[in-house]
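*Asks:*
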Amino acid sequence: MIRVEETRDLTHPRAIRRTVFIEEQRVPEAEEWDGLDGEAIQLVAFDGDRAVGTARILTGDGYGKIGRVAVLKEGRGLGTGAALMRAAIERLRATPGIREARLGAQTHALGFYERLGFVAHGEEYDDAGIPHRNMTLRF
Numbered sequence: 231m232i233r234v235e236e237t238r239d240l241t242h243p244r245a246i247r248r249t250v251f252i253e254e255q256r257v258p259e260a261e262e263w264d265g266l267d268g269e270a271i272q273l274v275a276f277d278g279d280r281a282v283g284t285a286r287i288l289t290g291d292g293y294g295k296i297g298r299v300a301v302l303k304e305g306r307g308l309g310t311g312a313a314l315m316r317a318a319i320e321r322l323r324a325t326p327g328i329r330e331a332r333l334g335a336q337t338h339a340l341g342f343y344e345r346l347g348f349v350a351h352g353e354e355y356d357d358a359g360i361p362h363r364n365m366t367l368r369f
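Shown next, in the form of structure tokens:
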């Protein structure tokens, strides 16, 4: 069973993101390490004692931005991504003043986020060479 924990330790989030974004998806390191990790809420998904997924949450005026959602190959197909997203959404819903969750979704994952209640809006755009669309979930 997948469990999700908040952490301040960046060891697991950075290792997972390096594997998924930099190695698998060829995102340039300079774009992946944007300097925002220290101010973000970090989530890590575990399958037993192995870290298999991560996401981060940043907050703004009335909204939370969920990003850097990444799942290692061995964690895919187990509900890891959905568990991370549910934890992020619940964390934001419990935060006073937050009225919506936002994210920039890789277009191949739009259906995944739509099943969680997110709605796509705006035009497709390029982020690190990967097509994305903005999505919002209002609380």
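Under this note's numbering, the first residue of the sequence shown carries the number 231, and numbering increases by one thereafter. Glycine included, C-beta positions come from ideal geometry on N, C-alpha and C.
Tell me which residues share the same chain as Ala-275 and place their Cβ nearer than 6 Å to its Cβ, disregarding the 5 neighbours each side in the sequence.
*Replies:* Contacts found: Ile-232, Val-234, Val-282, Gly-283, Thr-310, Ala-313, Leu-314.
*Asks:* With a cut-off of 8 Å on the beta carbons, I'd call Ile-287 and Arg-321 a contact; round off their distance for me.
*Replies:* With a Cβ gap of about 6 Å, Ile-287 and Arg-321 count as contacting.
*Asks:* Let's see if you can read the secondary structure: which residues bound the beta strand (DSSP E) around His-362?
*Replies:* Per DSSP, His-362 belongs to the beta strand (DSSP E) from 360-368.
*Asks:* Between Arg-332 and Gly-265, what straight-line distance do the alpha-carbon atoms span, to the nearest angstrom?
*Replies:* Going by the C-alpha atoms only, they are around 19 Å apart.
*Asks:* Comparing alpha-carbon positions, which option in Tyr-293, Ala-300, Gly-347 lies nearest Ile-252?
*Replies:* Comparing Cα-Cα distances from Ile-252 to each of Tyr-293, Ala-300, Gly-347, the minimum goes to Ala-300.
*Asks:* In this structure, what does DSSP give as the bridge partners for Leu-288?
*Replies:* Bridge partners of Leu-288: Lys-295.
*Asks:* Which residue or residues does DSSP assign as beta-bridge partners of Gly-283?
*Replies:* Gly-283 pairs with Ala-275, Val-301.
*Asks:* CB Thr-325 to CB Thr-289, shorter than 8 Å?
*Replies:* Contact: yes.
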